[in-house]
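2 protein chains.
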Amino acid sequence: MRVLIVEDAGETALYMRRALEEAGHVVDLAADGPTGEMMARGGAFDVLVFDRMLPKKDGLSVVTDLRTAGIATPVLFLSALGDVEHRVEGLKAGGDDYLAKPYAASELIARVEALGRRHEGGAPSTHLKVGELEMDLLARVVRREGRKIDIQPREFRLLEYLMRNANQVVTRTMLLEKVWDYHFDPQTNVIDVHVSRLRSKIDREFDKPMLHTVRGAGYRLEA
Amino acid sequence: MRVLIVEDAGETALYMRRALEEAGHVVDLAADGPTGEMMARGGAFDVLVFDRMLPKKDGLSVVTDLRTAGIATPVLFLSALGDVEHRVEGLKAGGDDYLAKPYAASELIARVEALGRRHEGGAPSTHLKVGELEMDLLARVVRREGRKIDIQPREFRLLEYLMRNANQVVTRTMLLEKVWDYHFDPQTNVIDVHVSRLRSKIDREFDKPMLHTVRGAGYRLEA
DNA sequence: CTGCTTTATTACAACATTGTAATGTATTGG
DNA sequence: CCAATACATTACAATGTTGTAATAAAGCAG
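The listed protein sequences derive, respectively, from chains Y and H.
Just so you know, the numbering used here puts 202 at position 201 of the first sequence, and the rest follows in order with no gaps.
Just so you know, the numbering used here puts 168 at position 167 of the second sequence, and the rest follows in order with no gaps.
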């Protein structure tokens, strides 16, 4: 897991870093509010750990700003101010958890992992994109250059497989296995026919063809 | 937000319920482990609040079981045992937060809302579950009690809609709009026919029917 | 260039899915 | 209990989807 710790007390920061790294995570440090905010916006972290009090811009306002900027990375607040009002304040500002000092390393780790767990293990992608071609797996809709394209179930599976392997050659055998669940050669031209149909939908009417034949090898969908 | 509180001490449960309801949430109660687990599996809650110690089956094991069953609803543990090991234990079992008693109502509310917030903003769910009936939106597969059920596209949409509105009555008009995209009455019995077909697949061959008729109103899929 | 092989396209037949209509069964109010 | 109504089931017809086969076109080796 990639964790960003924003903490001004050098000692504490290093201690936390060591604890999290020993638990197998990748840790970055920032020492003040603006730096932390910048890094949080740029780098793709799984969890942010913020000290409540920070030089220049305090943790609370940084998180408020991150949230209004649409950044949803989970935040764990860390502070010596452990009373209820402060904790509630932190959660209201858009924090996801609040841990009062002093705390045990094991609890820090457990809470960071609880926060990160959902995000990374979370959802398998429901949307594929190859160049200007897009597929929404849930809505079962395909678009090229924004225009909706009507597509049949088998064509959909075929295209999905091609998109998941975009810019690579996909053999006929692979297609038979993955799109048709055939584990033998049907001795017919099913694939040719469906590739042809798919082409007529995603390539005809558009300038550049995306679905290319690789003679003797198979097909390749290019961005 | 829909919240399930699983707590055996009646007093405490009622106090929590009132606090959350005043904050505008819908609250259900359960008094022991198995009941809580059942409700958590069936009803679509945004947050689960579990007491650590519960009659019959303790909170920890219930949550472990829910997680292995693939139910990812955020869990807030609540307990008098506030020391570090217990907190870590709760988070490891799959809890998302841990609040030690005594706590202020405002903090309970803030934490429940923090948990719910995270969940709803997330990716669209790709997996639906109502009782023993499961639907994988991406793989387009339906199972009941683990057995795979073959289902037609229109039946799939119908069932999806019923599952998304499980335990609630769904009217014929709603079905026509959402499943058929008709915005008028086709004057036929399409719905009856498809409900019948769906029943023959998901209910026939199983002990308890899940798809119930609500005479004069519509249908309801029950856990 | 010619003949051979691979790939494309088209037309059609088999099959699957969907909606309609007819018939049968349960529920409710009088 | 009967009639009226709502719902369930079955059979069938219309339509959509898929695979096969025939034919055409393209690429390649000699």
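We put the beta carbon where it would ideally sit given N, CA and C, even for glycine.
Small disclaimer: the values here were computed from a predicted structure and weren't measured.
C-alpha gap between residue i and residue j, whole angstroms
i       : j       : result
R205(H) : Q153(Y) : 30 Å
L134(H) : H128(H) : 11 Å
L177(H) : D151(Y) : 22 Å
D66(Y)  : K58(Y)  : 11 Å
F51(Y)  : P35(Y)  : 12 Å
E90(Y)  : G96(H)  : 22 Å
R53(Y)  : D182(H) : 51 Å
V180(Y) : Y162(H) : 27 Å
L49(H)  : E23(H)  : 18 Å
E12(Y)  : A106(Y) : 14 Å
E146(Y) : E223(Y) : 15 Å
I203(H) : G217(Y) : 46 Å
E156(H) : T69(H)  : 29 Å
A115(H) : I110(Y) : 19 Å
R144(Y) : F207(Y) : 12 Å
T189(Y) : N190(H) : 41 Å
I192(H) : L92(Y)  : 47 Å
A167(Y) : M136(H) : 28 Å
G132(Y) : S201(Y) : 18 Å
M226(Y) : T174(Y) : With chain Y represented from 2 up to 224, any question about residue 226(Y) goes unanswered, as that position is not in the structure.
R88(Y)  : A45(H)  : 28 Å
Nearest-angstrom Cβ-Cβ length linking residue i and residue j, presumed shorter than 8 Å
i       : j       : result
R18(Y)  : I6(Y)   : 6 Å
P75(Y)  : D9(Y)   : Incorrect: roughly 21 Å between the Cβ atoms, too far for contact.
G117(Y) : D186(Y) : That pair is no contact at about 46 Å.
L138(H) : L139(Y) : 6 Å
Cβ-based neighbour list, residue i, same chain, cut-off 8 Å, excluding 5 preceding and 5 following
i       : result
Y104(Y) : L79
E108(H) : L100
I72(H)  : A41, R42, K130
L159(Y) : L176, V180, H195, V196, L199
T172(H) : A218, G219
L112(H) : The sequence as given places Arg at residue 112(H); Leu does not occur at that position. Around R112(H): L77, D98, L100.
E86(Y)  : none
Contact set between residue i and chain Y, taken where Cβ atoms lie within less than 8 Å
i       : result
L77(H)  : Chain Y residues near L77(H): none, gap ~11 Å exceeds 8 Å.
L139(H) : P125, T127, L138, L139
A111(H) : R88, V89, L92, K93
G96(H)  : A115
Contacting residues, own chain, Cβ-Cβ under 7 Å from residue i (five flanking each side not counted)
i       : result
M40(Y)  : L5, D29, A31
V142(Y) : K149
H184(H) : E178
D33(Y)  : D9, L55, P56, K57
Neighbourhood of residue i by C-beta distance below 6 Å, restricted to the same chain and skipping five residues each side
i       : result
R221(Y) : V170, H213, V215
K102(Y) : A81
L61(Y)  : A94
L21(H)  : V4, V28
E38(Y)  : V63
P210(Y) : D204
M2(H)   : H26, D47, G117
Sheet register partners of residue i (DSSP bridge)
i       : result
E135(Y) : K130(Y), R144(Y)
F51(Y)  : V7(Y), F78(Y)
G219(H) : T172(H), V215(H)
D98(H)  : L77(H)
D186(Y) : DSSP output for D186(Y) lists no bridge partner at all.
K149(H) : R144(H)
V27(H)  : R3(H)
9 Å Cβ cut-off: residues of chain Y touching residue i
i      : result
S62(H) : What S62(H) touches in chain Y: nothing, since even the nearest Cβ is about 18 Å away.
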